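The sequence shown begins at 0 in numbering that gives the first Met the number 0 and counts up by one.
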Amino acid sequence: MIKWIVIFILILLLLAYFGLNLRSLVSSPTFQDNWGFLSNLAVTVWDNYLKGPLSYLWNDVIYPILDKQLLSKMPPVPSPAATSTSAGPASGARSSGSPTSQEPFLI
Numbered sequence: 000m001i002k003w004i005v006i007f008i009l010i011l012l013l014l015a016y017f018g019l020n021l022r023s024l025v026s027s028p029t030f031q032d033n034w035g036f037l038s039n040l041a042v043t044v045w046d047n048y049l050k051g052p053l054s055y056l057w058n059d060v061i062y063p064i065l066d067k068q069l070l071s072k073m074p075p076v077p078s079p080a081a082t083s084t085s086a087g088p089a090s091g092a093r094s095s096g097s098p099t100s101q102e103p104f105l106i
């Protein structure tokens, strides 16, 4: 982390040494036009080419594998009666039955 801070400071010093003003560079019409073009291009590429395949890959391949792996390693949720000393269940807790090891862990 400190390495990146030092690199960032060195880059700013080099820009100052060569007389480049970032504010005037970023506010120039040429930069604004190029930035608008690149941002529109990125949105178009995402919407038309990447969103569908990457959404499928995440939702139907990666997430179910991670979900199954994480849920299989989690301990069962303890019963509210076992963890609470009050007469009734804690607010937001289930009111009937105790969770089993087959139930998913819900947040």
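Each residue gets a CB set at the ideal place from its N, CA and C atoms; glycine is no exception. Note that the structure is predicted; figures quoted are calculated from it, not measured.
| Item | Value |
| --- | --- |
| Ala-41 to Leu-49 span [Cα, whole Å] | 10 Å |
| Alpha helix (DSSP H) segment containing Ile-61, residue limits | Run containing Ile-61: none; DSSP gives neither H nor E here. |
| Own chain residues within Cβ distance below 7 Å of Asn-20, not counting five before or after | none |
| Contacts around Ser-54, its chain only, beta-carbon distance under 6 Å, and the 5 residues preceding and following it disregarded | none |
| Start and end residues, alpha helix (DSSP H) containing Asn-33 | 28–44 |
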